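Colleague: Protein chains in written order, with the numbering used here: chain A, 38 to 412; chain B, 38 to 412; chain C, 2 to 325; chain D, 2 to 325.
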Amino acid sequence: MLMTGRQPSSSEDELFSLIEDDGSVAPDGRPPVLSEVDALRLFRALLQVRLVDERMMKLQRQGRLGFYMQSMGEEATHLAVHALRPSDWVFPSYREPGAAFYRGYSLKDFTNQLFGNAEDPIKGRQMPVHHSARSANYVSISSPVGTQIPQAVGMAWAAKISQKDDVALVYFGEGTTSTGQFHVGMNFAGVFKAPCIFLCRNNGYAISTGYQHQTASRSIAVKALAYGMPGVRVDGNDLLAMISATEEAVARARAGDGPTLIEAVTYRRAGHSSSDDPNVYRDPNEPKEWERRDPIERWKRYLVARGIYEEAIESQYRQEIGEEIVAALAHAEKIGPPAVETLFDDVFSEVPVELEGQRQELLALPRYVSPHGGS
Amino acid sequence: MLMTGRQPSSSEDELFSLIEDDGSVAPDGRPPVLSEVDALRLFRALLQVRLVDERMMKLQRQGRLGFYMQSMGEEATHLAVHALRPSDWVFPSYREPGAAFYRGYSLKDFTNQLFGNAEDPIKGRQMPVHHSARSANYVSISSPVGTQIPQAVGMAWAAKISQKDDVALVYFGEGTTSTGQFHVGMNFAGVFKAPCIFLCRNNGYAISTGYQHQTASRSIAVKALAYGMPGVRVDGNDLLAMISATEEAVARARAGDGPTLIEAVTYRRAGHSSSDDPNVYRDPNEPKEWERRDPIERWKRYLVARGIYEEAIESQYRQEIGEEIVAALAHAEKIGPPAVETLFDDVFSEVPVELEGQRQELLALPRYVSPHGGS
Amino acid sequence: MPVFNIIQAVNDALRIEMRRDSRVVVLGEDVGKFGGVFRATSGLFEEFGGERVIDTPLAEAGIIGTAIGMALYGLKPVPEIQFADFIYPAFDQIVNELAKFRYRSGGQYTAPVVIRTPYGGGIRGGHYHSQSPEAYFAHTPGLKVVIPSNPYDAKGLLLAAIRGEDPVIFMEPKRVYRAAKGEVPEGDYTVPIGEAKVVREGRQVTVLCYGAMVHTVIEAAEKVAADGFDPEIIDLRTLLPLDTEAVLTSVRKTGRAVIAHEAPKTCGYGAELAALIAERALMQLEAPIVRVTGFDTPFPYSLENEYLPSPERVAKAIRDTVRF
Amino acid sequence: MPVFNIIQAVNDALRIEMRRDSRVVVLGEDVGKFGGVFRATSGLFEEFGGERVIDTPLAEAGIIGTAIGMALYGLKPVPEIQFADFIYPAFDQIVNELAKFRYRSGGQYTAPVVIRTPYGGGIRGGHYHSQSPEAYFAHTPGLKVVIPSNPYDAKGLLLAAIRGEDPVIFMEPKRVYRAAKGEVPEGDYTVPIGEAKVVREGRQVTVLCYGAMVHTVIEAAEKVAADGFDPEIIDLRTLLPLDTEAVLTSVRKTGRAVIAHEAPKTCGYGAELAALIAERALMQLEAPIVRVTGFDTPFPYSLENEYLPSPERVAKAIRDTVRF
Ligand SMILES: Cc1ncc(C[n+]2csc(CCOP(=O)(O)OP(=O)(O)O)c2C)c(N)n1
Ligand SMILES: Cc1ncc(C[n+]2csc(CCOP(=O)(O)OP(=O)(O)O)c2C)c(N)n1
Ligand SMILES: [Mg+2]
Ligand SMILES: [Mg+2]
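#1: Would DSSP call K145(C) helix, strand or coil?
#2: Shortest alpha-carbon distance to I65(D) belongs to which of V114(D), I235(D), T141(D) and G271(D)?
#3: Starting from G271(C), find everything on chain D with Cβ-Cβ shorter than 8 Å and list it in chain order.
#4: Starting from T42(C), trace the alpha helix (DSSP H) both ways and give me its first and last residue.
#5: What separation, rounded to the nearest whole angstrom, lies between the Cα atoms of L399(B) and E378(B)?
#6: Do you know how far the Cα of I88(D) is from the Cα of F104(B)?
#7: R305(A): beta carbon under 7 Å from a heavy atom of ligand 3?
#8: Who are the neighbours of V182(A) on chain G, taking C-beta pairs under 8 Å?
#9: Can you tell me whether L144(D) is buried or exposed, with buried defined as 16 or more other CB within 10 angstroms of its CB?
#10: Is N316(A) near ligand 3, judged by its Cβ being under 7 Å from some heavy atom?
#11: Per DSSP, which residues does W126(B) bridge with? Please list them.
#12: Quick check on the DSSP output: what are the complete alpha helix (DSSP H) runs of length 4 or more inside the segment 171 to 235 of chain C, in order along the chain?
#13: Between the alpha carbons of K145(A) and L79(A), how many angstroms are there, rounded?
#14: Mind listing the chain D neighbours of I290(C)? Cutoff is C-beta to C-beta under 8 Å, in chain order.
#15: When DSSP builds the beta bridges, which residues end up paired with D80(C)?
#16: I'd like to know if C268(C) contacts chain D, where contact means its C-beta is closer than 8 Å to some C-beta of that chain.
#17: Quick one, which of D167(C), Q94(C), E30(C) and F138(C) has its alpha-carbon nearest P389(A)'s?
#18: Only counting the same chain, and skipping five residues up and downstream in sequence, which positions put a Cβ closer than 6 Å to that of T352(D)?
#19: Between the C-alpha atoms of G161(A) and P296(B), what's the straight-line distance to the nearest angstrom?
#20: Relative to chain A, which residues along the segment 224 to 236 of chain B have a C-beta separation below 7 Å, given in chain order?
#21: Is E211(A) near ligand 3 - that is, is its Cβ less than 7 Å away from at least one heavy atom of it?
#22: Helix, strand or coil for L286(D), going by three-state DSSP, please let me know.
#23: Could you tell me which chain A residues have their CB closer than 7 Å to the CB of I8(C), listed as they occur along the chain?
#24: Using DSSP bridges, identify the partner residues of P119(C).
#25: Quick one: which chain B residues come within Cβ less than 9 Å of I95(D)?
#26: Rounded to the nearest angstrom, what separates G247(A) and R305(A) at their Cα positions?
#27: For K34(C), which residues in chain B fall below 8 Å Cβ to Cβ?
#28: Please report the straight-line C-alpha distance between I163(C) and P242(C), rounded to a whole angstrom.
#29: Ligand 4 and A243(B): does any heavy atom of the ligand fall closer than 7 Å to the residue's C-beta?
#30: In the DSSP assignment, the beta strand (DSSP E) including D56(C) goes from what residue to what residue?
#31: Hey, does M19(C) have any beta-carbon neighbour from chain A nearer than 8 Å?
#32: Helix, strand or coil for E61(C), going by three-state DSSP, please let me know.
#33: Chain B partners of E52(D), CB-CB under 9 Å?
#34: Confirm the yes/no value for this check: CB of N154(B), any heavy atom of ligand 3, distance under 7 Å.
#35: What three-state label does DSSP hand G268(B) in the structure shown?
#36: If you follow the beta strand (DSSP E) that A261(C) is in, where does it begin and where does it stop?
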């Protein structure tokens, strides 16, 4: 009898990468067309994520910031959005700030959000790192993992129904592939040929839970088969490969050929969040292993090989970004919390009578000074 | 770049069958060992489902029964349970009464359940066809589809934890593979190597929704790949193939090799339920097509080819079953509804004070005579 | 004016709005060619095609999740959940996502999805074709909860819901889907969300109800009126936002309140009504507030008529309360 | 007697019961080697191994669904849902399956699963690490709902829950996970499910509360006591089954009731308490029943201290009610 799955087909397990160790591009790799300007712009974008992360974690450790989540080692996956148009939509999880920055979300808004202050674009409503940037078509982040997946499919499908050629790109971690949301989203996308790109950052961990406790599937990419869509395993630390795979998926989507699953194979070098201590559950040497495969160093080698890397440019980027961060922080820390009365806005399009009553009730109390206010 | 799923591998699409058109067994098919007694017992079991269905639908049409669901054409899938031991557990959906009968559930209990009368084993608590037969290790049926899937995995996993070699067999339709429950159950089973057999009756329809609106997957069996378990497509109208595939899966499970997904390819010849009119959404010729592939006729040809079919035996079976049905019905229709006070039992292990108060409140009212009582 | 039942009224509202606004799409299990298991979307597939009347795979989380995405993009999805009992696989999408999108994004994103779903008992559906989960949704800030009791309101409220800017759980009383008939104006009109309706004026006791239970209460009122009792009946129509003015005005007038619903008693919507009255009209009360509800058990099959509040139980509550 | 916090008490209860009864298994996200994100299962993996302390894939529906299957087979699973805010993907398994197994099978099958989950605000968790969904479960017949406020009760109630025959939603007040300390007997004892506790005796007003809010109410009581007010505080401990006797006895004595909880007001558990009192102790009431609760908005981040009932808000309610 034929038992599907007994013989792993080696082709499905292959990892697509383009940038070789020395920074050159694999000879038969058909790399994407990338201008020098874009190559450098991407370099700056990679650096920005890294530098912001470092700074915010430090702040968190100093007790000046409530909570933070780093992306160290996964920055290249964020910049897959280079393959999109501004009118396309991104449905992020919490670990792709670089995608927001690259689409125009400012460091100022970012920082105000972390502080939940009166200038926070989402009015202090959510924990740090739960951004929302309408102008960047970067959809509101939610903590419950996976919920964004069917939403992205719905948006993509709506574009198709509306006869627009916008596509959706949705991010999630490999842990999130275990949720029902992943399954129903993928399945709907397959049936409706929704122009949606599923980008799974397989960083090996879901908090403390390793891949082998998450699924017995030999890869994430192979799961695409269950939904009649193509799946591809990409070296997630290779930005050129990420852009290439995403461009191909976007082209398919825009051509009406439906969705694609991209598994970006990478590694979560830092803890899950500022609340986590990864040394409890994994060998501290494991992340060290992955330092060698750092996506930023790799991109640098690519720039060098292309002959467009200059140390002066890197220093300049670092300095500019550093100054921007300092300025954004100085500003954000100055701003107080949102006004109390805003607590009752945006529940509905208008404030219902009863809720207005609750607002008046709260405002009538002696103003309670929050010990955390604005930080 | 390698895109998994672009090239359907033909082997995964092949359909496993054993009984040839003339009733002979495929020469290299390695059929299961089946005694003559069992072969005839299975024949009787097939007939029983068909005859019960016909009779109950008639009753429903006469307004004597509230609701009914037929299995016409899918009876062979029920008897996959032949591959189990009595101590194994079955987690049914609503369309496998034959599995219950074969494990000892009596026609009397079955009929009392349909009538929800005072002798209904589940005390008139659920709609018709939602059986529960503890003595047959046939778990309580629930309407929300798919919920039984992770439950079956949990039971199988518990057996493993308890160092028993019991296995679970869980039934569901192809429509149900779209639910989150299917996904999370399959995924847990893969990770924990739970001794669970997933038996999907792919009968082509979920109420009015055809396979192509349900999933873009080229088969249900291929979905097993996403969970690192074997999947197999079996001719669901070929009882010998069903038993063979299930035996193989059970052997794997008991040997500690984990779960298997079996796709039984079959067809729902009747309406979804007594409330359905399939002619609204499908060509009436379509079910006719499948009459030629009737699983009972096929089994009969197998018996003939094996030289153990006798018309007299068939008539005897039909008569016995017919009489049993008549007797069970005569009894069930006589019995009134459960006593009012039973409404409050079994919510908890003991009736809490407040609930006892509600019971007394109801009992104090003039007895309301239910217009539907007991039918 | 044509006489419609609730199914026809819902169908009419959907057709009107789909003609008027090309952003409106309907999606769900079997809503297409089949027209829905209760036929509420009958004929829409033929008129508007498969891109706007969409048969989905069997996954409520997918139906609501994708509807949210559609709404974010600017469509006006009206998903159907085949039975309210099957809404729970979508519960996360509803309470954590749909309800909170506007708030959590600081007003940047909104998802005005209108979820239609038949609810309630009385059709011999047992545990899983009879539930009344309205209290779960009324307890979830960010959702509006609308429950019509008759064809006129069903059409007008559904049109108002689809035209609104907020997510709505629109629960349809399936027991009276066909039984509740009434004149329904042709063409366009809306019934404002958030306004209750006095169905019967009376002086002695206020009876609060909604959905199918309105008919039970009217039957009870007729019984007791024959004995000289004079209840006032309020059909809430919208549970959230509640028309508190209408409720309190009536209770302050009558000094007595009876609340009827099908859902289990504990933490049902009736608890909120009783609490509201106990908070704001306590001093006008002349009798305890009585709830006539489903019992605190799962919904049964054979004994559903014993489980459901009957006209007799409501009548008894009215009598006891007035005589208290 | 050792002094434990709530985490330690929960951990101790789990260890005791896992030693005593080999059928007890713990499962959930990160509960194994990591010991749970709040460390409630710390050390159990080391002592009992990976077959009884199980790290699951990321799927709450899978955690509860498989736990039900384990319980059907005879194990005693104690799944952890990492935050109550993430329980909704399992909502269908909980309300349609777990709650109804015994009833729907006519008593043939039972699934006495004890679901542990941290709930509530005050840890700067925003929308999705702060919710208090107890009312959803209290409205679902077939579930018991237990919420301890201190280490002694946490240990005793958890042991009682695991030894019971019914499914239990065991909600742990994470704001006071470490802050609420107290003496906890070593070894075995249980606190019976269904019994409330009078935390402070008083004559003027009954304050009903549970979980973390008990500490807020005590603080409020201390404030008002300094001005000569004399509230009685009842820690409900079990929401379902509720100790109605304790509630009604106290309210009949004091003639006044204030109810405090973190969840949104509308259809919160406080509504049930108010309704109960309005039904059975109305004539003894001398003032309106006041609810001090979270507002009817999603749980906010920056303004969580404004959102949560503060000691000041509770104190004001006590004063206003007594002075009414
Ligand atoms: C539905 C749900 N359950 C649990 C959690 C708690 N949680 C937050 S992140 C996380 C792990 C996610 O892992 P993965 O999807 O791999 O993403 P990564 O953190 O690695 O980027 C968990 C369990 C959650 N946010 N949502
Ligand atoms: C969660 C849920 N949603 C919707 C329904 C309504 N419903 C009952 S059966 C059914 C179709 C199931 O199809 P399939 O799984 O293929 O099984 P089949 O009926 O073909 O045996 C649907 C949609 C349900 N029972 N449960
Ligand atoms: Mg991960
Ligand atoms: Mg089917």
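Ideal Cβ placement from N, Cα and C applies to all residues, glycine included. On a predicted model such as this, the values are computed, not experimentally measured, just so you know.
Modeller: Let's see:
#1: strand
#2: V114(D)
#3: A276
#4: In the DSSP annotation of this structure, T42(C) is not part of any alpha helix (DSSP H), being labelled neither H nor E.
#5: 8 Å
#6: 34 Å
#7: Answer for R305(A): yes, Cβ within range of ligand 3.
#8: Of the chains in the structure shown, none is chain G; the protein chains are A, B, C and D.
#9: buried
#10: no
#11: A205(B)
#12: 214 to 227
#13: Their backbone Cα atoms lie some 20 Å apart in a straight line.
#14: A276, A279, E280 and L283
#15: The sequence as given places Pro at residue 80(C); Asp does not occur at that position. Paired residue(s): L28(C).
#16: yes
#17: D167(C)
#18: Any question about residue 352(D) goes unanswered here, given that chain D covers just 2 to 325.
#19: Computed Cα separation, rounded: 47 Å.
#20: N224, G227 and V228
#21: yes
#22: coil
#23: Chain A residues near I8(C): none, gap ~26 Å exceeds 7 Å.
#24: E173(C)
#25: Those within 9 Å of I95(D) in chain B number zero; the least Cβ separation is about 11 Å.
#26: 11 Å
#27: Those are S245, V317 and Y318, listed as they occur along chain B.
#28: Using only the alpha carbons, I get a separation of about 16 Å.
#29: yes
#30: V54 to D56
#31: no
#32: Residue state, collapsed to three classes: helix.
#33: K197 and I198
#34: no
#35: strand
#36: A258 to P265
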